[in-house]
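The structure appears right after this line, and notes come after that.
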Amino acid sequence: MTQNQLTRNFSDDTYSTARYGARRPLLMVPLPRSPQTTSPVPQLTSLYSIVNRGPYGRASYPGNCSGYLIRDLLRYFGAKQVLDPMTGSGTCRDVCRAFDIDCISFDVKSGQDACQPQSYEGLPPCDFVWLHPPYWRMIRYSEMPACLSNAATIEEFQNRLRSVVTNCLSILAKRGKIAILMGDYFDRQQRRQMPLAYFTKQICLELGLWPACTDIVRFQHGNTSSSKSYNRSFIPGLHDICMVMQRS
Ligand SMILES: C[S@@+](CC[C@H](N)C(=O)[O-])C[C@H]1O[C@@H](n2cnc3c(N)ncnc32)[C@H](O)[C@@H]1O
Numbered sequence: 002m003t004q005n006q007l008t009r010n011f012s013d014d015t016y017s018t019a020r021y022g023a024r025r026p027l028l029m030v031p032l033p034r035s036p037q038t039t040s041p042v043p044q045l046t047s048l049y050s051i052v053n054r055g056p057y058g059r060a061s062y063p064g065n066c067s068g069y070l071i072r073d074l075l076r077y078f079g080a081k082q083v084l085d086p087m088t089g090s091g092t093c094r095d096v097c098r099a100f101d102i103d104c105i106s107f108d109v110k111s112g113q114d115a116c117q118p119q120s121y122e123g124l125p126p127c128d129f130v131w132l133h134p135p136y137w138r139m140i141r142y143s144e145m146p147a148c149l150s151n152a153a154t155i156e157e158f159q160n161r162l163r164s165v166v167t168n169c170l171s172i173l174a175k176r177g178k179i180a181i182l183m184g185d186y187f188d189r190q191q192r193r194q195m196p197l198a199y200f201t202k203q204i205c206l207e208l209g210l211w212p213a214c215t216d217i218v219r220f221q222h223g224n225t226s227s228s229k230s231y232n233r234s235f236i237p238g239l240h241d242i243c244m245v246m247q248r249s
């Protein structure tokens, strides 16, 4: 294809700044039709796009995600005893409370470091772990050195995340599942994209875990950065990845 053809193909004004100004209209994109299955949660597919965030957790908590995905995963996998070692505003805990599911949740901010095996001592076995770590230093959650968002290098972040997953496995039942929500981002200091979802999957595979189902692409509705304007060109990331892993 010549440069001219390229220009012509992309020159219709469907999305043009001239027509809409800096703000693009909200495009309603249909999701592909899903096959009928016997799943108790038919809306749970590899594309997760629920616009409302629901009543769980706190929308104002940085990096918070809607509880609906957690709700649907717990229902699909029939979770009875849940662990959330990076609780933030408590979205997972609130979902569990609403559906009468036992949940243990803690956060480094409440004094328990998920990287330390001691934080898991005396906990009952669980059959489902919800793990929503910082996306390295995309958001700084606190000044605490133990916080994963303060890892000095990407290697340190990966090592600490590996410790968290290992510790979770120490109390995860044999057939239990660990769901990890992780997103990629562009690191301003290193001036390069951070493939964190890939790294996370790699850590899980190295620890002997295997996907329990398809990865779930979660559309980030209500993302704070979506309402910002930038004076540079880049491809905005509007999703993160939920991977559900089990022992292989
Ligand atoms: C993406 S947020 C989780 C948001 C949460 N899902 C919610 O419902 O709001 C990541 C959380 O991990 C916590 N965190 C970071 N490092 C930690 C560590 N070493 N141990 C436990 N929690 C940690 C942060 O304090 C932050 O609350």
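In the numbering used here, the protein residues as written are 2 to 249.
Even for Gly, the Cβ is constructed at its ideal location relative to N, Cα and C.
task: Round the Cβ separation of Tyr49 and Arg219 to the nearest angstrom and send it over; I've been treating them as touching at under 8 Å.
output: 5 Å
message: I'd like to know whether the C-beta atoms of Ala152 and Trp131 end up nearer to each other than 8 Å.
response: no
- prompt: Does the count of Cβ pairs from the segment 219-230 and the segment 156-169 closer than 8 Å reach three?
  reply: no
query: Which whole-angstrom value is the C-beta distance of Ile181 and Ser47, which I expect to be below 8 Å?
result: Rounded, the Cβ-Cβ distance is 16 Å, inconsistent with contact.
- request: Give the DSSP-derived three-state secondary structure of Val175 in the structure shown.
  value: In the sequence under discussion, the amino acid at residue 175 is Lys, which differs from the Val named in the question. The answer is strand: DSSP assigns Lys175 an E or B state.
query: Assuming Val83 and Cys93 make a contact with CB atoms under 8 Å, what is their CB distance in whole Å?
result: 7 Å
query: In three-state DSSP terms, what is Ala198?
result: helix
- prompt: Is Tyr62 near ligand 1, with its Cβ less than 7 Å from a heavy atom?
  reply: yes
message: Classify Ala80: buried if its beta carbon has 16 or more other beta carbons within 10 angstroms, exposed otherwise.
response: buried
query: Which value, in whole angstroms, describes the spacing of the CA atoms of Met209 and Leu74?
result: It is Gly, not Met, that sits at residue 209 in the sequence shown. The alpha-carbon atoms of Gly209 and Leu74 are separated by roughly 22 Å.
message: Within the continuous beta strand (DSSP E) that includes Val83, where are the two ends?
response: Gln82 to Asp85
- prompt: Exposed or buried, Ala174, counting other C-beta atoms within 10 Å across all chains shown (16 or more means buried)?
  reply: exposed
query: Got a sec? Which residues, its chain only, sit under 7 Å from Ser106 by beta carbon, not counting five neighbours each side?
result: Asp85, Thr88, Gly91, Cys93 and Arg94
message: Can you list, in chain order, the residues of its chain with a C-beta nearer than 6 Å to that of Gln247? Leave out the 5 residues immediately preceding and following it.
response: Lys178 and Ala213
Start and end residues, beta strand (DSSP E) containing Asp241: His240 to Arg248
- prompt: Is the beta carbon of Leu124 within less than 7 Å of some heavy atom of ligand 1?
  reply: no
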